[in-house]
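Worksheet: one structure, shown below.
In full-length UniProt numbering, the protein residues as written are 1 to 170.
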């Protein structure tokens, strides 16, 4: 498992590094788009502070060492440590995962018992078909359908995907 995770981390790091530029390049472009000048000294300071001036292999080593020590780095998007960003969302993730497992058990066990005790009946065939249909449905599609149903039924946007300003628009 460790060699696989190491290979995945190397591959992911390389893929992220392949496009030209870095976060600071994007930051400079945003400043120029807003009409603000970019301070060269500040950009160089930030480049050194975040290690973006080092070779890619050294950047990976620093990142890997930080990950092993529990330091996931700094989120430029949220202007806070990545650990805090992930930590804020971890409890909700656990709640959703636990609820999903309980729901799956509540639905699947009675269906399985019914199908086992009423073999080859029309209800057994229908429930088996629904089970296969559920297995064949991609998870992302099911999630989008459930988000839409929750939005229409309860009038709330779960996950922020349904902005009220865009509902009903093509």
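Glycine included, C-beta positions come from ideal geometry on N, C-alpha and C. Predicted model only: the values in this text are computed from it and were never measured.
Let me check one thing: in DSSP terms, what residues is residue i bridge-paired to?
i          : result
residue 74 : 81
Within the same chain, show all residues whose beta-carbon is closer than 8 Å to that of residue i, passing over the 5 residues directly before and after it, in chain order.
i           : result
residue 156 : 150
Going by alpha carbons, who is nearest to residue i out of the options?
i           : options          : result
residue 78  : 88, 14, 69, 94   : 88
residue 15  : 139, 72, 110, 56 : 56
residue 143 : 113, 120, 96     : 96
residue 68  : 5, 103, 152, 41  : 5
Near residue i, what residues of its chain come up, given a Cβ to Cβ distance below 6 Å and the 5 sequence neighbours on each side ignored?
i           : result
residue 75  : 82, 85
residue 62  : 51
residue 118 : 124
Residues in the same chain with beta-carbon distance under 7 Å from residue i, minus the five sequence neighbours each way, listed in chain order, please.
i           : result
residue 115 : 124, 127, 128
residue 53  : 47
Cβ contact check for the region 17–26 and the region 46–53: 3 or more pairs under 8 Å = yes
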